[in-house]
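In this note's numbering, the protein residues as written are 1 to 187.
Note that beta-carbon positions come from the ideal geometry of N, C-alpha and C, so glycine has one too.
Have a look at the structure below, then the notes.
Shown next, in the form of structure tokens:
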């Protein structure tokens, strides 16, 4: 029970306010006319076709492009796009939806990482700096796999930083009989 309460989740008012502020400012940019144009780049169309084939065939781990097995990328990103196709239909919006949602979540993770490593001001300014990057916005509003990769990388980094704060509890849990663990548990 103590371990769960030690996590630095955005529970206090200021963190929630900052996250809501980021949402109000950035979500319209991520989603404005998201499906308003045809698939732009070759990669965007290519990924959409593979996700569509995955959804239509029902085979979630055998990727197919032009009737040939596709092994250039793992299926995770395509699974997310196929899930979006399942929810919203097979169209440009649903192809780009995953990148837009995960792009926004990248901003939240960058804020949280900056807050954990330094302070709220650094976290907030880092999230704003990432949002101001034209290339990041372009990729987040496209049906590419760059943003899902970035999101899961940032999530891994954030969870790793959070787990560092739990090392004391892990030491107590795994080395209950040592004097050092007993001393740490009493603090």
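{"Asked": "Paired residues, beta bridge with residue 64 - DSSP", "Found": "69"}
{"Asked": "Pick from 113, 132, 127 that is closest to residue 164, judged by C-alpha positions", "Found": "113"}
{"Asked": "Buried versus exposed call for residue 13 [16 or more other C-beta atoms within 10 Å across all chains shown]", "Found": "exposed"}
{"Asked": "Residue 105 and residue 82 closer than 8 Å at C-beta", "Found": "no"}
{"Asked": "Cβ-based burial, residue 16 [other Cβ within 10 Å; buried from 16]", "Found": "exposed"}
{"Asked": "Simplified DSSP assignment, three categories, for residue 30", "Found": "helix"}
{"Asked": "Residue 141 vs residue 34 beta-carbon contact at 8 Å", "Found": "yes"}
{"Asked": "Beta carbon of residue 99 nearer than 8 Å to that of residue 143", "Found": "yes"}
{"Asked": "Sufficient close CB pairs (3 or more, under 8 Å) joining the region 62-80 to the region 110-128", "Found": "no"}
{"Asked": "Buried or exposed by the 16-neighbour rule on C-beta atoms within 10 Å, applied to residue 67", "Found": "exposed"}
{"Asked": "Cβ distance (whole Å) where residue 132 is taken to contact residue 92 below 8 Å", "Found": "With 8 Å as the limit, residue 132 and residue 92 do not qualify as a contact, their Cβ atoms being about 25 Å apart."}
{"Asked": "Assigned exposure category for residue 109 - 16 Cβ within 10 Å defines buried", "Found": "buried"}
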